[in-house]
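J.:
Chains as they are written, first to last, in full-length UniProt numbering: chain A, 1 to 172; chain B, 1 to 172.
#1: The alpha helix (DSSP H) with residue 137 of chain B in it runs from where to where?
#2: So is residue 40 of chain B in contact with chain A if we call contact Cβ pairs under 7 Å?
#3: Which partner residues does residue 122 of chain A have in the DSSP bridge list?
#4: Whole angstroms is fine: what's the gap from residue 140 of chain A's alpha carbon to residue 51 of chain B's?
#5: When the cut-off is 7 Å and only beta carbons count, does residue 1 of chain B lie next to chain A?
#6: Any heavy atom of the ligand ZN closer than 6 Å to the beta-carbon of residue 132 of chain A?
#7: Would you check if the distance between the CB atom of residue 116 of chain B and the CB atom of residue 133 of chain B is smaller than 7 Å?
#8: Determine the chain B residues that contact residue 171 of chain A at a beta-carbon separation under 7 Å, and present them in chain order.
#9: Just the C-alpha distance for residue 1 of chain A and residue 13 of chain A, rounded to the nearest angstrom, thanks.
#10: Return the residue from the list A:127, A:25, A:123 that minimises the CA-CA distance to residue 163 of chain A.
#11: Could you spell out the range, first to last residue, of the alpha helix (DSSP H) harbouring residue 19 of chain A?
#12: Using a Cβ-Cβ cutoff of 7 Å, what residues of the region 142 to 162 of chain B are near chain A? List them in chain order.
#13: Quick check on residue 1 of chain A: does DSSP put it in helix, strand or coil?
#14: Sorted by chain position, which residues of the same chain lie with C-beta nearer than 8 Å to residue 121 of chain A's C-beta, five sequence neighbours on each side aside?
#15: Straight-line CA distance for residue 35 of chain B to residue 161 of chain B?
#16: Would you please verify whether the beta carbon of residue 115 of chain B is less than 7 Å from any beta carbon of chain A?
#17: Looking at the unbroken alpha helix (DSSP H) that takes in residue 168 of chain B, where does it start and where does it end?
#18: How about residue 136 of chain A: is its C-beta nearer than 7 Å to some C-beta of chain B?
#19: Considering only C-alpha positions, which residue in the set A:136, A:138, A:97, A:144 is nearest to residue 27 of chain A?
#20: Hey, how far is the Cα of residue 44 of chain B from the Cα of residue 5 of chain B?
#21: For residue 61 of chain B, go through chain A and note every residue whose CB falls closer than 9 Å to its CB, in chain order.
#22: Does residue 15 of chain B come within less than 7 Å of chain A when only Cβ atoms are used?
#23: Mapping the DSSP letters down to three states, classify residue 55 of chain B as helix, strand or coil.
#24: With a cut-off of 7 Å, does the C-beta of residue 50 of chain B fall near any C-beta of chain A?
#25: Note down, in chain order, each residue of its chain lying with its Cβ closer than 7 Å to the Cβ of residue 100 of chain B, except the 5 sequence neighbours on either side.
#26: Using 10 angstroms around the beta-carbon of residue 84 of chain B, count the other beta-carbons present and answer buried if the total reaches 16, otherwise exposed.
#27: Counting only C-beta atoms, is residue 4 of chain A closer than 7 Å to chain B at any point?
#28: Does the beta carbon of residue 100 of chain A come closer than 7 Å to any beta carbon on chain B?
#29: Measuring alpha carbon to alpha carbon, tell me which of A:135, A:15, A:72 ends up nearest residue 169 of chain B.
#30: Out of curiosity, what's the CA-to-CA distance linking residue 3 of chain A and residue 78 of chain A?
#31: Can you tell me whether DSSP reads residue 41 of chain A as helix, strand or coil?
#32: Out of curiosity, what's the CA-to-CA distance linking residue 75 of chain B and residue 38 of chain B?
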């Protein structure tokens, strides 16, 4: 990350998504190795939660993917590729993240031009939220991306996986 | 957040910091109310952790403040105001966040001009990390800010405080 690109809606968003997914993949690698070393059924790790009414690790990973690919699709006007939440193994979760990265990298940065003022409508189960491209990135995409990466980290850390801040904050 | 500012190092950073601190303050208000309602000594909440070798809630709040004021000081070339980590009550922690906001708002946005290419050296106990202003924001400031806000949320949520995603993702 030593070359500084022009600051625009692309450079304030896409490198953050890619770096977050890269670090999350590294964290998953460590969780998988921990389960193997301790002879823990991987599904115990993948289904671990911080509270009974919070989502398990699996869903945190899927939510990172959804946040990242949704951001790129909406900002660039590209179709959002469907990725059903069917993953149940570390290999499948990492493949989901890789497919997300492949999609992000397939989109021409030029398509993001002017996206900061574009209308973005986010449909949640509860309601529709109206954003501009800019308010969508700073008010939803970035906080939501890191929410799910950090929650994945917290689930693993709380359960004893040997992780440290440096695993979360690795450079690009 | 309906008006879209020009996209630059200021607009990609400062509104994110302010919105994050605002939502964290709201989350702390709910934690304080929960402790009062359940007649729990507030210090039990403030010292709660997700793992014995992770920092307690108190320190998560202080780290959000440090990340935010450090970012504004380094990017704008302003002196970073010292805020010793002496807070032990909800009132003091919320005052710390308010002082952080006051500092952020006191800095002239014009001072951020061109900060994306400025050298930023971050001294950690372990080492010095060299960034540009841009790589500092995307590789450290934003992930670190949300790491500590989300960890504060996770500590409280894990311990039964009635919080939901909407408390974390409130608009600006």
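Glycine residues also receive a C-beta, built at the ideal position from the N, C-alpha and C atoms.
T.: Judging by the given coordinates:
#1: Indexing the second chain from 1 puts residue 137 of chain B at position 137. Neither: residue 137 of chain B is in no alpha helix (DSSP H) and is coded neither H nor E.
#2: Taking the second chain and counting its residues from 1, one reaches residue 40 of chain B at position 40. Taking Cβ atoms only, chain A never reaches closer than 7 Å to residue 40 of chain B, which makes this a no.
#3: In the first chain, residue 122 of chain A corresponds to position 122, counting from 1. DSSP output for residue 122 of chain A lists A:129 as bridge partner(s).
#4: Within the first chain, numbered from 1, the residue matching residue 140 of chain A stands at position 140. Within the second chain, numbered from 1, the residue matching residue 51 of chain B stands at position 51. Here the C-alpha atom of residue 140 of chain A lies approximately 28 Å from the C-alpha atom of residue 51 of chain B.
#5: Against the second chain, residue 1 of chain B aligns to sequence position 1. Its pLDDT being 48, under 50, residue 1 of chain B is placed unreliably by the model, and the measurement read from it follows with that caveat. Yes, because at least one Cβ of chain A sits closer than 7 Å to the Cβ of residue 1 of chain B.
#6: Only the bare structure without any ligand can be found here, which leaves the ligand ZN out of the picture.
#7: The sequence position of residue 116 of chain B within the second chain is 116, counting from 1. The sequence position of residue 133 of chain B within the second chain is 133, counting from 1. In this structure, residue 116 of chain B lies near residue 133 of chain B, with their beta-carbon atoms less than 7 Å apart.
#8: Locating residue 171 of chain A in the first chain gives position 171, counting from the first residue. Residues of chain B passing the Cβ test: 139.
#9: Numbered from its first residue, the first chain carries residue 1 of chain A at position 1. Numbered from its first residue, the first chain carries residue 13 of chain A at position 13. Because residue 1 of chain A carries a pLDDT of 48, less than 50, the predicted location of this residue cannot be relied on, and the following value inherits that uncertainty. Their Cα atoms are separated by approximately 14 Å.
#10: Counted from its first residue, the first chain places residue 163 of chain A at position 163. Comparing Cα-Cα distances from residue 163 of chain A to each of A:127, A:25, A:123, the minimum goes to A:25.
#11: Mapped onto the first chain, residue 19 of chain A falls at position 19. From DSSP, the alpha helix (DSSP H) with residue 19 of chain A extends over 14 to 37.
#12: Contacts with chain A (Cβ-Cβ distance below 7 Å) from the region 142 to 162 of chain B involve 142, 143, 144, 146, 147, 150, 151, 154, 157, 158, listed in chain order.
#13: As a position in the first chain, residue 1 of chain A is number 1, starting the count at 1. Any answer about residue 1 of chain A is weak, because its pLDDT of 48 lies below 50 and its placement is not dependable; what the coordinates show is given next. Note: residue 1 of chain A maps to coil in three-state DSSP.
#14: Here residue 121 of chain A corresponds to residue number 121 of the first chain, with the count starting at 1. Answer for residue 121 of chain A: 128, 129, 130, 131, listed in chain order.
#15: In the second chain, counting from the first residue as 1, residue 35 of chain B sits at position 35. In the second chain, counting from the first residue as 1, residue 161 of chain B sits at position 161. C-alpha separation (whole angstroms): 9 Å.
#16: As a first step, residue 115 of chain B is located in the second chain; it is residue number 115 there, counting from the start. Not closer than 7 Å to any Cβ of chain A, the Cβ of residue 115 of chain B fails to qualify, so no.
#17: Locating residue 168 of chain B in the second chain gives position 168, counting from the first residue. Unbroken alpha helix (DSSP H) run through residue 168 of chain B: 165 to 168.
#18: Against the first chain, residue 136 of chain A aligns to sequence position 136. By this cut-off, residue 136 of chain A is not an interface position.
#19: Here residue 27 of chain A is taken as the residue at index 27 of the first chain, counted from 1. It is A:97 whose Cα lies nearest to the Cα of residue 27 of chain A.
#20: As a first step, residue 44 of chain B is located in the second chain; it is residue number 44 there, counting from the start. As a first step, residue 5 of chain B is located in the second chain; it is residue number 5 there, counting from the start. Pairing residue 44 of chain B with residue 5 of chain B, the inter-Cα distance amounts to about 42 Å.
#21: Locating residue 61 of chain B in the second chain gives position 61, where the first residue counts as 1. Under the 9 Å cutoff, chain A gives no residues; its nearest Cβ is about 15 Å from residue 61 of chain B.
#22: Locating residue 15 of chain B in the second chain gives position 15, where the first residue counts as 1. Chain A, which has a Cβ nearer than 7 Å to the Cβ of residue 15 of chain B, makes this yes.
#23: Locating residue 55 of chain B in the second chain gives position 55, counting from the first residue. In the three-state reduction of the DSSP assignment, residue 55 of chain B falls in the coil class, being assigned neither a helical nor a strand state.
#24: One-based indexing of the second chain puts residue 50 of chain B at position 50. Closer than 7 Å to some Cβ of chain A, the Cβ of residue 50 of chain B qualifies, so yes.
#25: For the purposes of this step, residue 100 of chain B is identified with residue 100 of the second chain, where counting begins at 1. Sequence-distant partners of residue 100 of chain B (beyond 5 residues in either direction) whose C-beta falls short of 7 Å from its own C-beta, in its chain, are 21, 65, 68, 69.
#26: Against the second chain, residue 84 of chain B aligns to sequence position 84. Result: exposed.
#27: Counting from 1 along the first chain, the entry for residue 4 of chain A is found at position 4. By this cut-off, residue 4 of chain A is an interface position.
#28: The residue given as residue 100 of chain A occupies position 100 in the first chain. The beta carbon of residue 100 of chain A sits no closer than 7 Å to any beta carbon of chain B.
#29: The residue labelled residue 169 of chain B in the question sits at position 169 within the second chain. Here the closest residue by C-alpha is A:135.
#30: As a first step, residue 3 of chain A is located in the first chain; it is residue number 3 there, counting from the start. As a first step, residue 78 of chain A is located in the first chain; it is residue number 78 there, counting from the start. Between residue 3 of chain A and residue 78 of chain A, the C-alpha separation is close to 27 Å.
#31: As a position in the first chain, residue 41 of chain A is number 41, starting the count at 1. It is coil, neither helix nor strand.
#32: Counting from 1 along the second chain, the entry for residue 75 of chain B is found at position 75. Counting from 1 along the second chain, the entry for residue 38 of chain B is found at position 38. Each residue's Cα considered, the two are about 43 Å apart.
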